[in-house]
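Read the structure below first, then the notes.
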Amino acid sequence: MNDYFKGESIDLTGPALSSFAVTPNDAADLPAPVRAVTIGERGGVVKYSAARGGAVCTTGYLPVGQHPIWASRIWATGTTAEGMTGWV
-9 MNDYFKGESI
1 DLTGPALSSF
11 AVTPNDAADL
21 PAPVRAVTIG
31 ERGGVVKYSA
41 ARGGAVCTTG
51 YLPVGQHPIW
61 ASRIWATGTT
71 AEGMTGWV
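Note that our numbering has the sequence shown beginning at -9, numbered continuously upward.
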């Protein structure tokens, strides 16, 4: 298949290029920083490290759906949301 968008710039307002299942982990960063997280099974709180600067943040309650969280780590301790997907 031809890549009709080859050579176009990629920015944060464009569509995601890839996704992966997120397993919260207190000791390891995500395979790649994400620009958004989808909560697919049960809403809740997400504790994360910001992709730039590394500040540790905790959201309020988030319902099932997609949320603009730019993160390098999703922490197990403090996260109650389930069924997450990270978007790159």
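Idealized CB from N, CA, C, for every residue including glycine.
Residue from the options whose Cα sits closest to the Cα of residue i
i	options	result
W77	G34, I64, G43 and M(-9)	I64
G68	S62, P53, V35 and A40	V35
A6	R25, E72 and N(-8)	R25
A66	L20, P58, W60 and R42	L20
G43	P14, M74, G50 and A61	A61
Reduced DSSP category for residue i - H, G, I as helix; E, B as strand; rest coil
i	result
M(-9)	coil
L2	coil
K37	strand
A45	coil
G(-3)	coil
L52	strand
Beta-carbon spacing of residue i, residue j below 7 Å
i	j	result
L52	G33	yes
K37	T28	no
P23	A41	yes
With 16 other Cβ atoms within 10 Å as the buried cut-off, status of residue i
i	result
I59	buried
V46	exposed
M74	buried
A71	buried
Residues that residue i bridges to, as DSSP identifies them
i	result
A26	W77
A135	Residue numbering for the chain in the displayed model covers -9 to 78; residue 135 lies beyond these limits and cannot be assessed.
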